[in-house]
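0 is the number of the first residue of the sequence shown in the numbering used here; add one for each residue after it.
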Amino acid sequence: MQDRCMNTHTEANRIPGKAGPLWGLSLLRTMRADYLGYVTRLQNQYPDIAQVQILNEHIVHVFHPDWVRQVLVDQADALIRWERATQVFSIAMGQSVLVTEGVQWQRQRRMLQPGFTPKRVAGYANLMTSATHDALSALEQRVGGQSVDMDALMTDMTLDVILRALFGSHQVRDARPVSQAIQTLSHSGFSEMFKPFSWPLWMPLPAVRKMRQAKQTLDLVIQQHIQAQQSMASDDGHDLLTMLRLARDPENPEQSLSTKELHDQSMVMFQAGHETTATAMNWWSGLIARHPDVAERIHAEVDAVLQGQIPTPASLQQMPWLQASLKEALRLYPPAAVLFTRRALQDLQVGPWTVPQGHLLAFTPYVIQRDPRWFESPDDFKPERFLPSAPDTPRGVWIPFGTGPRVCIGQHFAMLEMGLIAAMLMQRFRLEWPEGAQWPEGDLAVTLRPAQAIRLKLHPKADIAPSQGG
Ligand code: HEM
0 MQDRCMNTHT EANRIPGKAG PLWGLSLLRT MRADYLGYVT RLQNQYPDIA QVQILNEHIV
60 HVFHPDWVRQ VLVDQADALI RWERATQVFS IAMGQSVLVT EGVQWQRQRR MLQPGFTPKR
120 VAGYANLMTS ATHDALSALE QRVGGQSVDM DALMTDMTLD VILRALFGSH QVRDARPVSQ
180 AIQTLSHSGF SEMFKPFSWP LWMPLPAVRK MRQAKQTLDL VIQQHIQAQQ SMASDDGHDL
240 LTMLRLARDP ENPEQSLSTK ELHDQSMVMF QAGHETTATA MNWWSGLIAR HPDVAERIHA
300 EVDAVLQGQI PTPASLQQMP WLQASLKEAL RLYPPAAVLF TRRALQDLQV GPWTVPQGHL
360 LAFTPYVIQR DPRWFESPDD FKPERFLPSA PDTPRGVWIP FGTGPRVCIG QHFAMLEMGL
420 IAAMLMQRFR LEWPEGAQWP EGDLAVTLRP AQAIRLKLHP KADIAPSQGG
């Protein structure tokens, strides 16, 4: 069967799917209006793989987890990221590890990887907990059952964490314009992808001006911090920027990152490392407030393990419900709900099918992670699926960080940060879902955010007085 399908594209063994009307152009409008709804319907019709055509572009959606791995892990060398997406991302992130390909990407990834091992990342725990401690202490003074915009809270905390992790300080006086700039670039980036080209940033058009101003805001913050750090001339910092400055290519030990590369890599860490984590925590907090039974288990676990102390990477390991709830939130609402679409540089084998060279391949964690074949009642929030005692989920069905060589470099950083923030929040507050409030829809704009703000009533657990430095 496999041999017969190789390199033949007759009607009988054509990948299932069909072209939409108007040479597929009408699909573009549907995709733009509700991309995840569109892919969900496609997967309902073609559960494992589906092909659609828009003008002369063939897009193959891969849904079966074995085949997702077969492409992204086993045949990664035969893929590049969709050129239009990398063009758009490079407007904001330059030639950073997120967008480069081939030898340039390999060199950058080799140089950055040592800064993101679980051991190295554990070194950022104190800085993560002190940023969280500061934010939650301020909140404790302010709220007493009042409703809090969780997006604003999580955005402030994760921005503070990434600023401290990157620059070893948090000297940005007002972080709000920075997070707004990140959101502007994220929103414009998503709509740019549906256009055939982007205007250069110097064009005097309103939409372009917004992007230019957002980029300038971020460029300035990064430049100021790089300069401030260089003037300190210290090489013993434990921040990411020092790591980047000292990084050497193991294959060419005399090579370090150029100033431009240093800027671009800082920019990507800054953007990729903050909005995704904030979004994940925003959804998670809503889910916890909606599920008091799960919240109770986490409260019991956090109180018993921490006994008023600050959490550490080791103590998080003793909180299976907390960890499972984070994984389950990432399953239902993966911030990167759609991975970068890939282009096949040569014919690819996908299960029994051959995907010809030049075709695009699309991977949608949001849809793959809600497939009832792998997750019973897939739309329900059930952290127990991820408890150590639960049966293993099949490989490739939980991919919020992607998979293969281009898997998220910050995944251990993100999981640690989320665990520490979640533990400290549950240690200090009870989360209440406001009566009558509706569960929000998802709004996809690079990241999948709640379309309506999640506002929770936060009740300080007055009987617990955490002490720093546990
Ligand atoms: C919950 C938080 C996060 C999620 C869900 C997430 C998700 C992802 C995903 C899905 C990819 C791969 C995209 C693809 O294959 O097309 C990715 C790549 C990447 N992520 Fe994350 N990420 C998170 C946090 C972070 C953090 C904290 C950092 C850095 C501090 C980071 C830095 C990066 C970088 C640099 C890449 C590109 C890697 C490469 O292409 O070699 N991410 N992320």
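Ideal Cβ placement from N, Cα and C applies to all residues, glycine included.
Note that the coordinates shown come from a computational prediction; the quantities given were computed from them, not determined experimentally.
For residue j and residue i, the rounded distance between their alpha carbons
{"i": "I420", "j": "A271", "result": "18 Å"}
{"i": "D292", "j": "T216", "result": "43 Å"}
{"i": "F412", "j": "L245", "result": "20 Å"}
{"i": "K209", "j": "T183", "result": "7 Å"}
{"i": "G93", "j": "T276", "result": "22 Å"}
{"i": "D442", "j": "H273", "result": "18 Å"}
{"i": "D379", "j": "R330", "result": "10 Å"}
{"i": "W283", "j": "F385", "result": "15 Å"}
{"i": "V96", "j": "T116", "result": "16 Å"}
{"i": "S466", "j": "T392", "result": "Legend: pLDDT at S466 = 48, less than 50; position of this residue unreliable, value from coordinates given subsequently. Between S466 and T392, the C-alpha separation is close to 38 Å."}
{"i": "P364", "j": "E383", "result": "20 Å"}
{"i": "I53", "j": "L71", "result": "23 Å"}
{"i": "A389", "j": "A323", "result": "10 Å"}
{"i": "W438", "j": "Q356", "result": "43 Å"}
{"i": "W373", "j": "T258", "result": "46 Å"}
{"i": "R211", "j": "D263", "result": "16 Å"}
{"i": "W81", "j": "G350", "result": "22 Å"}
{"i": "L344", "j": "L204", "result": "36 Å"}
{"i": "G101", "j": "E295", "result": "48 Å"}
{"i": "R163", "j": "S129", "result": "10 Å"}
Candidates the options: closest to residue i by CA position
{"i": "E440", "options": "I48, M153 and Y332", "result": "Y332"}
{"i": "L424", "options": "V445, L447 and M127", "result": "M127"}
{"i": "L240", "options": "Q254, R247, L315 and I225", "result": "I225"}
{"i": "V67", "options": "D47, L54 and I53", "result": "D47"}
{"i": "P312", "options": "P249, R289, V120 and D148", "result": "V120"}
{"i": "G285", "options": "M149, V98 and Q44", "result": "M149"}
{"i": "K460", "options": "T446, P176 and R429", "result": "R429"}
{"i": "A436", "options": "S146, E139, Q345 and Q322", "result": "S146"}
{"i": "V337", "options": "E260, A279, R211 and P399", "result": "P399"}
{"i": "F339", "options": "G409, R83, E434 and P203", "result": "R83"}
{"i": "Q112", "options": "P433, R448 and P404", "result": "P404"}
Paired residues, beta bridge with residue i - DSSP
{"i": "Q437", "result": "Partner(s): none; Q437 has no beta bridge."}
{"i": "I53", "result": "E56"}
{"i": "L455", "result": "V147"}
{"i": "R80", "result": "R341"}
{"i": "F428", "result": "P459"}
{"i": "W352", "result": "V349"}
{"i": "L359", "result": "I58 and R342"}
{"i": "R545", "result": "Missing from the structure shown is residue 545; the chain here goes from 0 to 469 and no further."}
Cβ shell of residue i (< 7 Å), same chain only, five flanking positions each side left out
{"i": "T131", "result": "M156, L419, I420 and M423"}
{"i": "M30", "result": "Y37"}
{"i": "F166", "result": "H224, Q228, D238 and L240"}
{"i": "G395", "result": "P64, D65, V67, R68 and T402"}
{"i": "A124", "result": "T311, P312, L415 and L419"}
{"i": "Q179", "result": "none"}
{"i": "P387", "result": "P319"}
Heavy atom of ligand 1 within 7 Å of residue i beta-carbon
{"i": "F412", "result": "yes"}
{"i": "P399", "result": "yes"}
{"i": "M268", "result": "yes"}
{"i": "I225", "result": "no"}
{"i": "P377", "result": "no"}
{"i": "L321", "result": "no"}
{"i": "P113", "result": "no"}
{"i": "T131", "result": "no"}
{"i": "P334", "result": "yes"}
{"i": "L97", "result": "yes"}
{"i": "L338", "result": "yes"}
{"i": "V70", "result": "no"}
{"i": "I408", "result": "yes"}
{"i": "A271", "result": "yes"}
{"i": "A279", "result": "yes"}
{"i": "T29", "result": "no"}
{"i": "R405", "result": "yes"}
{"i": "T154", "result": "no"}
{"i": "T482", "result": "Any property of residue 482 remains undetermined from this structure, which presents the chain solely from 0 to 469."}
{"i": "T276", "result": "yes"}
Cβ shell of residue i (< 8 Å), same chain only, five flanking positions each side left out
{"i": "S197", "result": "Q86, V87, I90 and E191"}
{"i": "R247", "result": "M110, E253, Q254 and S255"}
{"i": "E431", "result": "G144, A288, L455, K456, L457 and H458"}
{"i": "A11", "result": "At A11, the pLDDT of 47 sits below 50, so the modelled position is not reliable and the matter cannot be decided from this model."}
Beta-carbon proximity list for residue i, same chain, < 6 Å, skipping 5 on both sides
{"i": "A444", "result": "S185, H186 and F189"}
{"i": "K326", "result": "F385"}
{"i": "L78", "result": "R341"}
{"i": "M5", "result": "In this prediction, M5 scores a pLDDT of 36, lower than 50, which makes its location untrustworthy; the coordinate-derived value is nonetheless stated afterwards. Within the same chain, M5 has close Cβ partners T353."}
Cutoff 8 Å: residue i Cβ touching any chain D Cβ
{"i": "L261", "result": "Reference to chain D is not applicable here, since this structure consists of a single protein chain."}
Ligand 2 heavy atom lying under 7 Å from the CB of residue i
{"i": "T353", "result": "Absent from the structure shown: ligand 2. Ligands present: ligand 1."}
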